[in-house]
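Asks:
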Amino acid sequence: MTQEQMRNLNTIVETYGNDAQEDMAIEECSELIKAILKFRRSDEKTAEMREAVIDEIADVQIMLTQLGIIFNCVAEVEDRIDFKINRQMGRIKEREAKRDVC
C-alpha cells in the first residue's frame, strides 16, 4: 500500500471504528469465498465471474490492511508473511530433493 492509501485506511478505521471494520472484514471474506466458489463451480467461467473474484480480492486486501491497523501489527504481519513464504519454499525444496533421490 502507498503512504496515501495507508493514511486513508487509517482515516476509514478512525471514522467507522474497530468493531464495524472487523465486521466488514468478515463480510468481505465471505463474499470472496462465494465468488471463488461460484467461479469454480461454473462450467463457463465468464469475464464477469473473474472480475467479481478480482473485486473481492481487492476488498479483502483492503480489509486485511485495516485489520493490521486495528491490531497495530502491519510490520509484524509483513514479517510473518516472509517467514511463511520462506518456510513453504523450504518444504518445496525438501519435496523436490526426495523426488530426486527416488
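Just so you know, we're using my numbering here: the sequence shown kicks off at 240 and counts up by one. All C-beta atoms in this analysis are idealised placements derived from N, C-alpha and C, irrespective of residue type, glycine included.
To the nearest angstrom, how far is it from the Cα of isoleucine 251 to the Cα of lysine 337?
Replies: In the sequence shown, the residue the question calls residue 251 occupies position 12. In the sequence shown, the residue the question calls residue 337 occupies position 98. Straight-line Cα distance between these residues: approximately 49 Å.
Asks: Can you tell me where the alpha helix (DSSP H) with asparagine 325 in it begins and where it stops?
Replies: To locate residue 325, count along the sequence shown from 1; it is residue 86. Start and end: 313-340.
Asks: Given asparagine 359, which residues of its chain have a CB within under 8 Å of its CB, disregarding the five upstream and five downstream residues?
Replies: The chain is shown only over 240 to 341; residue 359 falls outside these bounds and no answer can be derived.
Asks: Hey, quick one: how far does the alpha helix (DSSP H) through lysine 273 stretch, first residue to last?
Replies: If you number the sequence shown from 1, residue 273 lands on position 34. First-last of the alpha helix (DSSP H) with lysine 273: 257-280.
Asks: Touching or not, the segment 293-300 and the segment 241-248, by the rule of three or more beta carbon pairs under 8 Å?
Replies: Contact fails: fewer than three Cβ-Cβ distances are below 8 Å.
Asks: Are at least three pairs of beta-carbons, each pair with one atom in the segment 276-289 and one in the segment 306-323, less than 8 Å apart?
Replies: The segment 276-289, when compared against the segment 306-323, does not touch it at the 8 Å Cβ threshold.
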